[in-house]
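Okay, structure first, notes after.
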Amino acid sequence: MISIAQAQQIILDAVTILPSQELSLLQALGRITTQELHAPWDIPLADYSAMDGYAFSATGEAQFRIDGFLPAGESRTLPVPRGAAVKIMTGAVIPPGCDSVVPIEDVEIHNGILQIRGKIRTGMNIRLRGEEVVAGDLVIPSGTLLRAAEIGMITTLGRSTVTVTRPPRGALLSTGDELVEAGTIPQPGEVINSNSYSIAAQLLEAGAEPVMLGIARDERELTLKKLEEGLSADLLITTGGVSVGDRDLVKELLVELGGEILFWKVSMKPGKPVAFAMVRGKPVFALPGNPVAAMVSFEQFVRPALLKMAGHSRIFRPVVKAILGEAVNNPGKRPHLVRGTVELTNGRYRVVSTGNQSSGRISSLTRSNGLMLVPPDTLLAAGDDVDVQLLDRNFEMGR
Ligand code: AMP
Ligand code: MG
C-alpha cells in the first residue's frame, strides 16, 4: 500500500493547470493570478506629507513664518525660503526646500510666527517616494489568491484587469443502493446522501465549482452513463462503491471507460480504499462512501489537485506541531488522521480529539479544525507533541 505522500505525488504529477482568462478586477476576486504583476512606477509616486501640519526644513531654526497652503493632491514648484513653513495636508506633495512635517497638534502660532513644540527629526512625517514599492518591483507573484487587499494593491498599479485561471469544475457522483436524496425522511436501511453536499461544500471552499450528478444505484448501465457525463467537467469525484463489496463497481467501470487506475488503497485511516484514475485525460477521484473517509480523503488528495489546477502557489494545508491535551493511541498499521480541535494559546498550538473517531461518525468532523497525524504503532501521552494539519482558514492567514 502506498503512503499519503506517494499518492499525492502521483496525483500532482498527473494534473495540469487550467487555462487562464483576463478579467476585470472585481470579477477576479477569489481567483488565482497567472501573471507576475510588477510596479510600473514608484509607490508612493513622490514624497508626500503623512500628516496634516506644516512642512519645513529641519536644518534651520525652530521658528517660521507661514508661507502658503498645500491641500491634498496639490504640489508646489516654488521653493520654500529659509525661515518659512507651509501649511500642508496629508497627501500633498512636500514642496522644494522642505524635508520634514510637524503635525498641527505640535505647533503654537503667535502673531503669525510658528513655533514647533517637541523634538524635531529630519524627514519626520513624510512618506518617501518609492518607500513601499520601487518601479519594476514584483508586487503580486503568479499563483496568488486574490482577496480584497490584493485587488486594492493591483488597482494602485494602474490596472483594471488581471489574468487568472478559471475555477475548476468538479463533477460529483454518489453511488449506493441505500442512498436517498437530501430532504427526505429515511426508512430503516436508507441513508441520506450527505456526501454530495459535504464534498460540494469542500469544492466551493477550495474555490472550485461543483457539478451535481446526484445518486447512482450500484448498477452498471446507469453508473456508467453518469460517470461518462461527469467526464465533461475538469475532474470527477465519486463516493462509495470503491471497496471490495460485491457491488463495488466504480473501479472496473472507470477502466471500461478507457481509464487507467494510477492507485487504489492508501495507507491511512480513515480513507484507505480511495482510488485515483486518469480517464480520457481527466482526473477521477474515487473516494470511499463513508462520510468521514470521503471528506478526509478529499482533504488529502482532491484539494491539492484542485489548487494545482487553479494555479495556486501553495497547495498543501499547513502542518504544525501541537501539544496533545490527552493521550492518543494508534495501535494500527496505518497512520491515523485523528479529527481534533486546535487552539492557539500563548503562541503554542494545543489539540484534543473530537471524541469517538469511528469513521461513520460525521460528528467527529463537525467540531474539528485540524487532523492529527498519528503514526502507526504509536501511543502518545498528554503533553507530547503531535503533527496537526490545520483545516481552518483562519489559522492559515499570516503563515
Ligand atoms: P461504501 O464505500 O459504498 O461501501 O459505503 C460505505 C458506507 O458509507 C456505507 O455505510 C454507506 O451507507 C455510507 N455512504 C455511502 N455513500 C454515502 C453518501 N453519499 N452519503 C452518506 N453516506 C454514504
Ligand atoms: Mg456502497
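Residue numbers (the working numbering): 749 to 1147.
Every residue, glycine too, gets a C-beta built ideally from N, C-alpha and C.
Note that this is a predicted model, so its numbers are computed, not measured.
query                                                                                                                                   : result
Residues bridged to K1030 [DSSP beta-bridge criterion]                                                                                  : V1027
Buried or exposed by the 16-neighbour rule on C-beta atoms within 10 Å, applied to N1104                                                : exposed
K867 in three-state terms, based on DSSP                                                                                                : coil
Closer than 7 angstroms: T986 CB and nearest the ligand AMP heavy atom                                                                  : no
Cβ neighbours of D795 in the same chain (closer than 6 angstroms, five flanking residues each side left out)                            : I842, I874, L876, R877
Test item: CB-CB of G1131 and I1071 under 8 angstroms                                                                                   : yes
Residue from P827, R914, G989 whose Cα sits closest to the Cα of E967                                                                   : G989
D966 beta carbon near the ligand MG (any heavy atom closer than 7 angstroms)                                                            : yes
beta-carbon E953 near the ligand AMP non-hydrogen atom, thresh 7 angstroms                                                              : no
Cβ-heavy atom distance, L927 to the ligand AMP, below 7 angstroms                                                                       : yes
G937 Cβ short of 7 angstroms to the ligand AMP heavy atom set                                                                           : no
Own chain residues within Cβ distance below 8 angstroms of R1109, not counting five before or after                                     : V1040
Buried or exposed (CB count within 10 angstroms, at least 16 for buried), R779                                                          : buried
Paired residues, beta bridge with M1120 - DSSP                                                                                          : V1086, V1136
Contact check, I752 vs Q1048, beta carbons under 8 angstroms                                                                            : yes
Helix, strand or coil at M1016 [DSSP, three-state]                                                                                      : coil
Three or more C-beta pairs below 8 angstroms linking the stretch 797-815 and the stretch 1015-1025                                      : no
First and last residue of the uninterrupted beta strand (DSSP E) at I791                                                                : Per DSSP, I791 belongs to no beta strand (DSSP E) and is neither H nor E.
N943 Cβ short of 7 angstroms to the ligand AMP heavy atom set                                                                           : yes
Rounded separation between P1079 and D885 - CA only                                                                                     : 53 angstroms
T923 beta carbon near the ligand MG (any heavy atom closer than 7 angstroms)                                                            : yes
Burial state of R1062, where buried means 16 or more other Cβ atoms lie within 10 Å                                                     : exposed
Element boundaries [beta strand (DSSP E), containing N1078]                                                                             : 1076-1078
V910 and T807 closer than 8 angstroms at C-beta                                                                                         : no
Sufficient close CB pairs (3 or more, under 8 angstroms) joining the stretch 1084-1094 to the stretch 1113-1129                         : yes
Proximity test, G989 beta-carbon vs the ligand MG heavy atom, cut-off 7 angstroms                                                       : yes
DSSP-derived helix/strand/coil call for S942                                                                                            : coil
As assigned by DSSP and simplified to three states, the class of R1109                                                                  : coil
G978 vs P915 beta-carbon contact at 8 angstroms                                                                                         : no
Where F1064 sits in the DSSP three-state scheme                                                                                         : coil
Nearest-angstrom Cα separation, counted from D815 out to L1139                                                                          : 59 angstroms
Cα-Cα separation between F1064 and P1052, rounded to whole angstroms                                                                    : 6 angstroms
CA nearest to the CA of V855, picked from G845, D847, Q754, I868                                                                        : I868
Reduced DSSP category for E957 - H, G, I as helix; E, B as strand; rest coil                                                            : strand
Given E822 as reference, the closest of S1101, R917, T838, T971 once Cα atoms are compared                                              : T838
Contacts around M749, its chain only, beta-carbon distance under 7 angstroms, and the 5 residues preceding and following it disregarded : K1013, V1014, S1015
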